[in-house]
């Protein structure tokens, strides 16, 4: 999950697995309804019989930082869905409010879409998917897998320039989505209507496959042979890079997920993660390969943790995947006791505390880059454990079946347990590589010949700093390079800088990272303008067409130049200090003259969350740098101070902060009847 998912701890020197809480994964009192009806062919073996033992007497003192997950063998993905469609054709496969699609419905719809595409889309072709969480998305994923095409998720509202850059760099044969969200070049191409479902909260109105010829002179890259899907990750060149994953790698993660959660017929699996990010593939195929029902989440669920828990309850969700920043506010409040949720897999950012004793779901702190197929290590936490409620960050745990993790020094060799180093990952989980062979060669390399790693021929360098404890568990310590996690997404500051520098009004840009007291990160862009200084709002509007939401800075500072360090390089630490200094830009002196209490509360909270003291009541929330995570914190702060619970759509529909504050005043002091 582009950062932090776990499995059982491997006890050093024993060759066996010690399972937290004393229960074997996927068994015991939490087993799902219909667990005994699981399909044959799940090849995960929960005894780590292939793990070499550490000699007695050496484990505590000099054991190297190497850990192997239990043995596993790849199985199938699309074939498991097809088996459920044959065995349980009338079982619900997607439940979206009042609309339900059975496994037979999905099977039939996918066959029709595959037929519509087959004349133009060949095995190995990449198809860009511009759809939201919906039955249409699920049908598209199945149809492309049947055709043998490579599923490239771009999200429901991809920035036009970002999409153009992707289709210029990659050999994307068509885009699937509503014409209104597609780039002009694709809207003007050949549009083939697709028989996709158009019902549900996130459904497309008139889905098409848009075919267009590549521009003249474009050098495009195809996906490597055997790829099932490809996902975009942040690139330091200013353009996103794509990593390709094969079906066997995804199958191993899915086998672990089903065994760990007991996901089975009768369960409801969330479809919650944003479609541009790879964890949604874990959700989608986990449901389809287990005979369970997928439940697409309405868009406002991402913005408000209370709405999320209400949705879990109302939709009867039993197993869910969610981003850490979305779940953390729930852990700060009493846990809802009327949920059917049994397992919650959380990842995408560092978890800062353990769930409390009142949390009834097993919470899995998950870690994994896209290059290691969503999830590589996990750590399971239950409210019944002695450590429940501990304020210390939990570990990211131990490797999944078929996964090997190594903590290395600068020389690429394992360090002793207890020492910090770079995390490298190997095993069945590894992606095929990037679509750029040179980048693949740099990041995926053979392990040292004299380091015994049975069955591991490649290790992926994550760039993450970790420490392996004596029991083989990993603690996440941060990044080794300039990458940063914002709301669960890996961001290259260089990519954000390049997006600003595409504007002719910008001479140069430097992006720094600021963190609040709780450790939450936000980006600040320091822009050196050309002759005519642009406004911060215009600059932010321009970069939104290039960047995902999480990569858009919360603030823009116009500067005449940059401080330099002793080596003549930009001193980013000094820039960050300037941005966080109390003497930064401030609001007009009369901005709060005559302001209501609600206006003062809203403005002060937004300024604090965004780190933009120059924000005014006339600013629009998203234009000022607001994101879904910031919105959730704002709504929580307003409720904490006033007792009034407002919803994310009300914030997003408000033209400016003054209007949102007026709504808060109205809810606090409703007019008496007849007034």
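Numbering (my numbering), first residue to last: 2 to 676. Ideal Cβ positions, reconstructed from N, Cα and C, are used throughout, including at glycine.
Spatial neighbours of residue i in its chain, beta-carbon cut-off 8 Å, leaving aside the 5 residues before and after
i, result
"residue 357", "332, 336, 384, 389, 390"
"residue 573", "511, 513"
"residue 241", "163, 166, 167, 233, 234, 235, 496"
"residue 651", "661, 664"
"residue 308", "301, 302, 648, 649"
"residue 339", "314"
Identity of the residues DSSP links to residue i by a beta bridge
i, result
"residue 274", "Answer is none; residue 274 lacks a bridge partner."
"residue 578", "DSSP, once it has assigned bridges, lists no residue as partnering residue 578."
"residue 256", "None; residue 256 has no bridge partner."
"residue 242", "234"
"residue 191", "212"
"residue 152", "128, 230"
"residue 487", "490"
"residue 102", "95"
"residue 559", "528"
"residue 417", "65"
"residue 622", "None; residue 622 has no bridge partner."
"residue 177", "130, 210"
"residue 90", "Answer is none; residue 90 lacks a bridge partner."
"residue 521", "The partner list for residue 521 (beta bridge, DSSP) is empty, contrary to what the question assumes."
"residue 222", "171"
Close Cβ partners of residue i (< 6 Å) along its chain, the five nearest in sequence each way excluded
i, result
"residue 258", "287"
"residue 281", "274"
"residue 138", "132"
"residue 463", "370, 424"
"residue 479", "466"
"residue 149", "124"
"residue 213", "186, 187, 190"
"residue 289", "82"
"residue 445", "434, 459, 461"
"residue 571", "511, 563"
Whole-number beta carbon distance between residue j and residue i, since they are thought to touch under 8 Å
i, j, result
"residue 210", "residue 180", "Actually they do not touch by this definition, with Cβ atoms about 11 Å apart."
"residue 105", "residue 91", "7 Å"
"residue 490", "residue 278", "7 Å"
"residue 497", "residue 552", "5 Å"
"residue 511", "residue 557", "The Cβ separation is near 11 Å, so there is no contact."
"residue 468", "residue 421", "5 Å"
"residue 555", "residue 524", "6 Å"
"residue 302", "residue 312", "5 Å"
"residue 271", "residue 203", "Between residue 203 and residue 271 the Cβ distance is about 13 Å, and since that is not below 8 Å, they are no contact."
"residue 381", "residue 405", "Contact doesn't hold; Cβ gap of about 20 Å is too wide."
"residue 120", "residue 86", "Between residue 86 and residue 120 the Cβ distance is about 24 Å, and since that is not below 8 Å, they are no contact."
Sequence-distant residues of the same chain with beta carbon closer than 7 Å to residue i, five excluded per side
i, result
"residue 620", "657, 658"
"residue 247", "227, 228, 229, 433"
"residue 171", "127, 221, 222, 243, 436"
"residue 415", "65, 66, 67, 407, 408, 409, 452"
"residue 28", "Because the pLDDT at residue 28 is just 36, under 50, the model does not fix this residue reliably, and the value given afterwards should be weighed accordingly. Same-chain partners within the cutoff: there are none."
"residue 449", "413, 414"
"residue 145", "128, 152"
"residue 516", "522"
"residue 361", "336, 338, 340, 384"
Buried or exposed (CB count within 10 angstroms, at least 16 for buried), residue i
i, result
"residue 513", "buried"
"residue 263", "buried"
"residue 355", "buried"
"residue 562", "exposed"
"residue 99", "exposed"
"residue 471", "exposed"
"residue 550", "buried"
"residue 252", "buried"
"residue 116", "exposed"
"residue 147", "buried"
"residue 536", "exposed"
"residue 493", "buried"
"residue 439", "exposed"
"residue 393", "exposed"
"residue 632", "buried"
"residue 447", "exposed"
"residue 349", "buried"
"residue 456", "exposed"
beta-carbon residue i near the ligand ATP non-hydrogen atom, thresh 7 Å
i, result
"residue 557", "Ligands in the displayed structure: none, and consequently the ligand ATP is not present."
Below-8 Å beta-carbon distance, residue i vs any chain C residue
i, result
"residue 637", "Looking for chain C here will not work: only one protein chain is present."
- request: May I have a chain-ordered list of the alpha helix (DSSP H) segments no shorter than 4 residues that lie completely inside the segment 421-466?
  value: 438-444
message: Could you tell me which whole beta strand (DSSP E) segments of length 3 or greater appear in the segment 361-392?
response: Fully enclosed beta strand (DSSP E) runs of 3 or longer: 363-368, 378-382.
query: In chain order, which continuous runs of the alpha helix (DSSP H) of length 4 or greater are located wholly inside the segment 106-150?
result: 136-148
- prompt: Where are the beta strand (DSSP E) runs, 3 residues long or more, that stay fully inside the segment 277-327, in chain order?
  reply: 294-297, 320-324
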